[in-house]
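Participant: Sharing a structure, written as structure tokens. Questions coming.
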Amino acid sequence: MLEVTVCIGSACHIKGAYNVIQTFQQLIEEKSLHDRIIFKSGFCMKLCQSPGVAIVVNGEHHCIDAERASDFFISELEPRLRKDI
Ligand code: FES
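So for the sequence shown, numbering that gives the first Met the number 0 puts the first residue at 0; every next one is plus one.
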């Protein structure tokens, strides 16, 4: 099970957190991965100065470009979600 939290603090909101959430939700649905992921939002992760939206994946912090949320999901999250299938 992968736990993914997207920051919805004000800095990340401005950088496109809502787009990241929408993109991830759409891909989780399309790929029928909802039973393999705990997907949630969280408040400021103290990474506001980073050039992207802060997310935490099983305790690892990442900052992603909201425009590339789909690429991040496919290259970083999907392989981990499918690892045990
Ligand atoms: S608002 Fe997202 S890390 Fe601070």
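Don't be surprised by glycine CBs; every beta carbon is placed ideally from N, CA and C.
(1) Residue 9 by DSSP, collapsed to three states: which one?
(2) I want to check one thing, is the minimum distance from the CB of residue 74 to the heavy atoms of the ligand FES below 7 Å?
(3) Using only the heavy atoms of the ligand FES, determine whether one of them is closer than 7 Å to the beta carbon of residue 10.
(4) Determine, using beta-carbon pairs with one atom in the region 33-40 and one in the region 54-69, whether at least three such pairs fall under 8 Å.
(5) So, using beta-carbon positions, are residue 4 and residue 45 closer together than 8 Å?
Facilitator: Reading it off the structure:
(1) DSSP, read as helix, strand or coil, puts residue 9 in helix.
(2) Between the ligand FES and the CB of residue 74, the shortest heavy atom gap is not smaller than 7 Å.
(3) It does: the Cβ of residue 10 is within 7 Å (strictly closer) of some heavy atom of the ligand FES.
(4) The region 33-40 makes no contact with the region 54-69: fewer than 3 CB pairs, one atom from each, lie closer than 8 Å.
(5) No, they are not a contact pair.
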